[in-house]
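Each residue of the sequence shown is one higher than the last, beginning at 26 in my numbering. Note that the Cβ used here is the ideal one computed from N, Cα and C, for glycine as well. Bear in mind the structure is a predicted one, so any value in this text is a computation, not a measurement. Working notes for the structure below.
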Amino acid sequence: FIANAKTGQLKARLAGAYLRQPEQLNRFQGHLRMPMIEKALRYIGVQPEPPLQIVLFATNQSEQIRAEYRENDTIEYAHLIRELLFVRYQRFGLAKKQIIVCPTSDNPADYDLMLEFYRDRLPEIARRTPRPTRVHLLIAGGTPQMNTISEKWAPSSL
26 FIANAKTGQL
36 KARLAGAYLR
46 QPEQLNRFQG
56 HLRMPMIEKA
66 LRYIGVQPEP
76 PLQIVLFATN
86 QSEQIRAEYR
96 ENDTIEYAHL
106 IRELLFVRYQ
116 RFGLAKKQII
126 VCPTSDNPAD
136 YDLMLEFYRD
146 RLPEIARRTP
156 RPTRVHLLIA
166 GGTPQMNTIS
176 EKWAPSSL
């Protein structure tokens, strides 16, 4: 089952993997919406120069983690979003290599682990070539711990 029997909520890892299958992606891509991301892209504007870089943060906990937690990992959704963004925005010059999935295997509900994760990853992203002239941070989804840490730490690291 790709949905929680009690809540009816989709299990992110399973639903994302299902929707990434080529047949399913072709079938559903016109129905899949990313309202916050697409609104942000309309605001920023997708242009080939300077090259836009999109970083999608995702959870990907180890197989030793209890299934009820691991099933909610967003890694498959991140790869699905990467595919959808490429398909929808390649005509504006967006290349697949401009969309990066940045996973964490740590517990996303642990403030200390998320602080360490963002403390390491955000400066790495800022040092990439070409160096970004502007940075837009869309804090949506994820756990409250991920959002709080990225919101507080990002401005000083980028």
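- Taking one beta carbon from each stretch, the region 55 to 67 and the region 124 to 140 have fewer than 3 pairs nearer than 8 Å; the two do not touch.
- Per DSSP, reduced to three states, the secondary structure at A28 is strand.
- Residue state for L57 is assigned as coil, using DSSP reduced to three classes.
- Here I150 is not near L110, since their CB atoms are 9 Å or more apart.
- Looking at the DSSP output, T99 sits in no beta bridge, so it has no partner there.
- Taking a contact as a CB-CB distance under 8 Å, the pair A42 and L35 does not count as one, their CB atoms being some 11 Å apart.
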